[in-house]
Amino acid sequence: MNRKEFEKLLRSAERLSEKEANAILTASIMSTDDGSNPCGHLQMIIAMEELAELSQEISKTLRGKGGRLGLVEECADVLIGIRYIQLIENISNETLGKAVAVKLRRLEEAVKE
Ligand SMILES: [Mg+2]
Numbered sequence: 001m002n003r004k005e006f007e008k009l010l011r012s013a014e015r016l017s018e019k020e021a022n023a024i025l026t027a028s029i030m031s032t033d034d035g036s037n038p039c040g041h042l043q044m045i046i047a048m049e050e051l052a053e054l055s056q057e058i059s060k061t062l063r064g065k066g067g068r069l070g071l072v073e074e075c076a077d078v079l080i081g082i083r084y085i086q087l088i089e090n091i092s093n094e095t096l097g098k099a100v101a102v103k104l105r106r107l108e109e110a111v112k113e
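All the letters of the sequence shown, read from the start, carry residue numbers 1 to 113 under the numbering used here.
Pasting the structure below:
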């Protein structure tokens, strides 16, 4: 998305409910299911591409060339990519939340040491 357009839309945006977000993402996954590739194949590729774009934006930030808005946009794209992966691979918020808790507890212990 064009950065100026993103900035303009962000000013008036409101958060979507989990249900509405899932409906949009599921429709996206189903719209590309033409039988030639496993369902969700394209969205998994998009998720990988968005991870690379976030890496690039972080790099720009560290080189003093990026901006906060670019980071916000690419973080949003990566979160959408994660939601795609959750839907395609049937990973619940509960499971993911617990996995994050395990990692954070390990980080907490590492910080204490
Ligand atoms: Mg992106």
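Glycine included, every Cβ here is placed at the ideal spot set by N, Cα and C.
Its Cα nearest to that of I24, the residue R83 stands out among R83, A76, I58, C39. Relative to the non-hydrogen atoms of ligand 1, the Cβ of E74 comes within a distance shorter than 7 Å of at least one.
Within the model, the alpha-carbon separation for N2 versus S17 is close to 25 Å. Distances from the CB of D33 to the heavy atoms of ligand 1 are all 7 Å or more. Here the C-alpha atom of N93 lies approximately 18 Å from the C-alpha atom of M44.
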